[in-house]
Structures are given as C-alpha cells and as structure tokens.
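Here the structure comes first, spelled out in structure tokens, and everything after it is commentary.
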Amino acid sequence: MVNSRFIQVHPDAIVEWIWDDSFFFEDEYSVIKDSLNGVTSFAFSKAAVESGNYNKIPNQLYLIDKLINKYGIADPDTKTFLQESKYVNNQPSRFDKVKIWFPLHYTFPSSVGFFLKTSGLNYENGEAYSFSNFYLDITNSNDADKIINETQPFRMNEKLWGKSITIYVPSLYQESRNRTNNAPTLGTINYNLTSGSLGLSQTSPVFIDFRFISSKSTILGETTFILTPPLIASVPQAPEYNNLAVQITAAEDGDYFKINGIFNGSIGEFELFMESLAQSGKRSYILYSITKYEENLPQTITEIYVYQEFTKGVEDYRPVFKFANTTASIRVDMKLISAVDGSMITKSAEIALVANEVAKYGKYMTSINVSGAIKPKLYNSKPDQLVMQPSELLNAHLQRKSSNVKTEVKYVPYPVLSTVHNVVAQDTSVTNTVAKYLGNGELKLLLTPFDNVIKIKIAKKVRENSYDPFIIPSSNSITQLVFKSPTSDLRIPLYVESNEVDLAQGVVVFKVSAADQPQLKKIFQTSKNFYITLTTNGIETSVYDGAFSLLQEEPRINKNESNLNTPQIIQPVSTRRQETLQDIPSVSIASSDSIAPSFAVPQVVKITSGDILKSITQNNLSVTQLRRIL
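This note's numbering puts the last residue of the sequence shown at 1206; the count rises by one with no breaks.
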C-alpha cells in the first residue's frame, strides 16, 4: 500500500512524505559522526551507484556557525572531524521517499538552492539521529538537472505544483522495530546508526527541517552556504488513517461512475470519520483528483472539492476517451486536506477498462435497438486465400447435424488495401531498386467524400536493395494522423481493425471517415498539410508531413480532355459558289454512348460569330445546328 502526506513548509515548497510497503532499496551507505557538532548521520556512500539516489556523500551539509546559519559541505575525505563508517547493505531495507515540490514555473528567484534535514530520536527519545542532510545547489548544472518537471502537476493552496526532486531515507518505523532480545538487531541500519546501544525510537515522529540557501561563497577552494532560518515540521512514523480509502464503482443504471471515500470499508462510516475530525479540532475537506489514462498515457485531470455531505462523493463522473480503442483506466487520488494547517493525506484507487467498456465512453454515443433483431451465426475468415466448400454442401451438413436449428452461412466481405504509400522520415526522396520513398512534404493524399483507408509505410533509412523501417513504440505512445489549421485540428487514430498495422515495420493505417469531411473542408481553406505524429510522455513530435487535397474541392483532370477539346482549324472562305454534294466530305460525331449517323459537312464554312466558332471547336453543336451551317 502507498500512502503519502503533503506538508507545506514554505509558500514555495511542499514536502511529500511517501510510505510505500513495497519499496525496498539496496545500496552502499555510511554512518558519519560529526565530532564538531556531536551529530551522527546516515547517508549513502560515494560508491552508491543506483541512479536517482541523491541522498549521498558529498551532497550533505554540516553546521559551521549556528548564529548566522553557516554550513559547509560534509565530505569526510577532506574533513578530519567527520568520521565515516562504510557498510554494505546485503539485504534490502525499507525506505521512505521524500519528495520536495516547487511551483510549476519556479526558478529560485531569491535563493541558490535548498537544504533538507530529516531526523528521529533514539529509543529513549533523548538523542537525535539524522537520516539526511541533503542540499541542492542550482548554480551547479548537475544538481539543477535533478529537479524534474512532473507530467501531472497538482493544485494546492491556490498554486500549481509541477517541479520536484525525490530522495530516499531509512524508514524509522521499520528500522526501530528491527530488534532482537530488546536490542537493535546486528547488521541493521538501526544497529549501525546508533552503534548498537539503544536503537531508534518507536514512538517519536520524524522531524523535517527545510531551509532555502540564501547565498553561496567560495574562499580558497572552500565552499560555504548561508541558510534561511529553519522551518520545522513532523510526520508520524507510519501513515495515519490506514482504514481510510477511496473506491470507484460503475453505476448500475447508466454509463457513468460513482466515486466515494470509505472508512473501514463503509461509506456511512466515512461520514462519521469526517465529523469526528471536525469535533476534535481537525476539520478537513476532500479533494477528488481524477486522471484519465489512454493506452497508459495520462490525459486530462479533473478536480472536485467536497466540503459537506461527504457520503455523496462524486455521483456522476463520466469520462470521454478520445484516442484509445483498446485499453484505458481512471485513477482517483482522494486528498484529505486539513483546514487547520493545510497538510494533506492522499489515498488512491484505479479502475481499468478494456474492449467494449472503452467503446461506451468514446466521443460519439449511438444507441442501436437490437432487441428484436435476428441473430444469425456468422463465419468470418480473413486468410491470404479463402477457400470454402459450396454453400449447398455446408447447409446440407448443418441440417444433418441439427435438424431443429436453421443455420445460414454468410460470406462477409472485408476491405482490401490496394495502395501503399512509401515515405521516408527525411527531407528528400530516395529511390532504390524496390520502390520510391517520398521525403517530407512530397506525398499528396487525395481524399474522396467517402471513407478513406490510408496505408503508409515509413522508412528510416533507404539502401539500394532494402530499407530500415521506422520503428514506432507499441506501448506508452500514441500515433495519429493530424490535419491542423490555426483554428481547428482533426486527429485520426490508428485503424487497428484493418489488421494491417505493423508498428515494428513502420506500417500505419488510418481511416478518414466520411463524417470528418465537414471539418476537413474547414481545415482545407487555410491549411493543406497533414502530419503523422508520435506522442510519448506528453510530448508530441512529427514523424512525417505532407499535403492533402479534397476531391470535391480540386476535381480530377480528365487525361483525355486535351485530345477531346483540341481546336479544329477553320479554313478561309472560298470564292467557289458551285459545289455538288458529292464534293463535300462527310463527318461523323461520336459520343461515349452511341454513334450519330453520318451527315455532310461543308469543307469551307464562313463563320461570323465567335460563340459559334467556340462551339464548333469544342464539338458542342447538335445535328440540327450543323445542318443549319450547311
């Protein structure tokens, strides 16, 4: 089980303490005894190699001057008063995670970093032991890179928090209970940190000392820091309210979900629990943070506050999944926020949706009444070549097998993709002995006013006799065909029902529905480009781009039009007046449907009207009109 508590230690800093029953960590650690200040501390050794393990030497500080809050870097290799004892953690131990949050666009305007000290007391609650003396210097590029931008920011106390860094500290609850015969168990952190005398306290909380670093100075190679006054807070050794949880249930009377907090597995007891907090002076309220996931990628976040009538919770949440057609999920983080000090406890739950369940929550809802419909048995197959026995033989066999059941074999057609567009993810086209691969911007799609199934094979590199496919990740990513204008965009997901999609070979298939034509027309007025994009971890990049046109907007040009409309040459007027019918050659006018009878046309015609001349050259005159010219 994962539990967390949020404590705002500064207007621009939140400490999230995370208890995770399944988080066991193994790395080399040290016990540092500071003889100058009489403090014993835990820290991971310099030799610790696990990535993301930041709570280690020399990212630790020691006190130099308490009056002015001056600190130095605790490096036992250069400080003789720091005695280091190194240990190898042969058996993984339980650790707690401490995540320090900052506002989404925070840049440390008046400081150069921060300092975080966590500590607990000994078994007799007398002497303190440190679990971290961690500092981060943002003027150091390596340290600044440790702060990450979270993919899921959250809102608390009117601020959006989106930057964080996480460190690991020993679990005080777990280590304090590593005892044998009323003494710390040999070889444990509990034993090594306290020198095996008493061990750690089983009743004291974990103390948190957070400070910003106001200034930094380096004199003769020695770096020191001036820190702000301490901001002290505490958390219990183990998470509070273990009987508190959140549940997500599908409604029985419709396609929506109900979200409720529960205590001891009961919604009614949850209401009593919230009332008991108010009566004890710990009045709190609830924040439901609901996150949609499509193909394991987070999408939108919905936040709902509840201040009273806690049994109702969220009664009618209905998600809309825009891209996923196979798997999706809903995660709910229920945050119990104290109205007294602003601290926050989080409980989480998640429900997964697959197949038909996802379809119910798509962009379009269409109700089909099939209560009275005939339900025949359909035998559908899609091999390379479908060979079946004659229908008479199959029906005869089925009748013999069950004379009381009437079964009919239906041959179900399926679409066949006949045209494959070969493209290469680069700026220029490439031709090999197999095919031509069009570069960026060179493929033009002509879309009809009906359903269009588009199959594109994307190459990364083309050689003389082969090519390297552009491998598209099959998980944690979204591939789309995008038509985009300054005011609108249309996103087409992969058409997986075609059974032609092969991401490992760079083959993608999209279905542009006839229902998308109105939006396509609007986009076509200002932009004639399309994009194939790949979205991973919330970052969308273009794999390939080209142009498109609409058959309704740009009709096809008849290839034979130039031959059919070739102007005829009209000879000058002759001075001859005496002509016989036998001297006039005959001309036949033919159409695509029939052939008109032949009739005599004079070889020499005098034309005085430009419209008639145009009609003659375009072969638009009827038989009657030609006879009038005669």
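The beta carbon of each residue, even a glycine, is placed where N, CA and C say it ideally should be.
Just so we're clear, the structure is a prediction, and the values are computed from it rather than from any experiment.
Of all alpha-carbon atoms in F833, I608, L1127, the one lying nearest the alpha-carbon of I765 is that of I608. DSSP places F1124 in the uninterrupted beta strand (DSSP E) bounded by 1115-1126. Taking all protein chains in view, the Cβ of V585 is crowded by 16 or more other Cβ atoms within 10 Å, so the residue is classified as buried. Setting aside the 5 residues that flank it on each side, T876 is surrounded in the same chain by K868, each with a C-beta closer than 6 Å to its C-beta; the list follows chain order. Uninterrupted beta strand (DSSP E) stretches at least 3 residues long and entirely within the stretch 589-630 occur at 589-596, 605-610, 615-620, given in chain order.
Put simply, of L1023, F1046, F1106, S695 the residue whose alpha carbon is nearest the alpha carbon of S1089 is L1023.
Using a Cβ distance threshold of 8 Å, I1034 and V1084 count as a contacting pair. When C-beta atoms of the stretch 815-825 are compared with those of the stretch 699-707, fewer than three pairs fall below 8 Å, so the two segments do not count as touching. One alpha carbon belongs to F839, the other to A619, and they sit about 38 Å apart. The C-beta of G738 has 16 or more other C-beta atoms within 10 Å across all chains shown, which makes the residue buried.
Residue nearest to Y1107 within the set V1058, E798, Y663 is V1058 (criterion: CA-CA distance).
Excluding five sequence positions before and after L853, the CB atoms of its chain that fall closer than 8 Å to its own CB belong to R859, S860, given in chain order.
Under the Cβ criterion (8 Å, minimum of three pairs), the stretch 1010-1026 does not count as touching the stretch 1060-1068. Per DSSP, the unbroken alpha helix (DSSP H) holding P1094 starts and ends at 1093-1100.
Ranking I866, T1117, V882 by CA distance to the CA of E847 puts V882 first.
By alpha-carbon distance to I649, the top candidate from K1036, K642, L637 is L637. Three or more Cβ pairs closer than 8 Å define a contact, and the stretch 786-806 meets that threshold against the stretch 676-693.
Distance from the CA atom of N872 to the CA atom of I906, rounded to whole angstroms, is 10 Å.
Taking a C-beta distance under 8 Å as the contact criterion, V822 and A925 qualify as a contact pair.
R581 carries a strand assignment under DSSP once its states are collapsed to helix, strand and coil. Straight-line measurement puts the Cα of V1199 at about 11 Å from the Cα of L1206. Listed in chain order, the non-local C-beta contacts of I741 below 8 Å within the same chain comprise Y630, K675, I676, L712, K722, I723, I724, local neighbours out to five positions each way being set aside. Within the stretch 674-719, the beta strand (DSSP E) runs of at least 3 residues that lie entirely inside it are, in chain order, 689-697, 704-713. If you ignore the 5 residues before and after K1087, its C-beta comes within less than 6 Å of the C-beta of V1029, Y1071, all in its own chain and listed in chain order. Under DSSP, M850 takes part in no beta bridge, so it has no partner.
Apart from sequence neighbours up to five positions away, the residues of its chain that approach A1011 with a beta-carbon distance below 8 Å are N998, ordered along the chain. For K632, same chain residues with a beta-carbon under 7 Å away, outside a window of 5 residues either side, are A619, F620, S621, K622, A624 in chain order. Distance between P652 and S1051, taken at the CA atoms: about 46 Å. Under DSSP, S791 shares a beta bridge with I802. DSSP lists D641, I802 as the bridge partner or partners of K646. Under the three-state reduction of DSSP, G763 is assigned to coil, being neither helix nor strand. Out of K1104, R670, R731, the CA that lies nearest to the CA of F599 is found in R670.
Taking C-beta atoms as the reference points, R894 and Y937 count as a pair closer than 8 Å. For V664, the secondary structure class from DSSP, reduced to helix, strand or coil, is coil. Closest by C-alpha distance to M910, out of T902, V890, V745, is V890.
L796 and I714 have their C-alpha atoms some 21 Å from each other.
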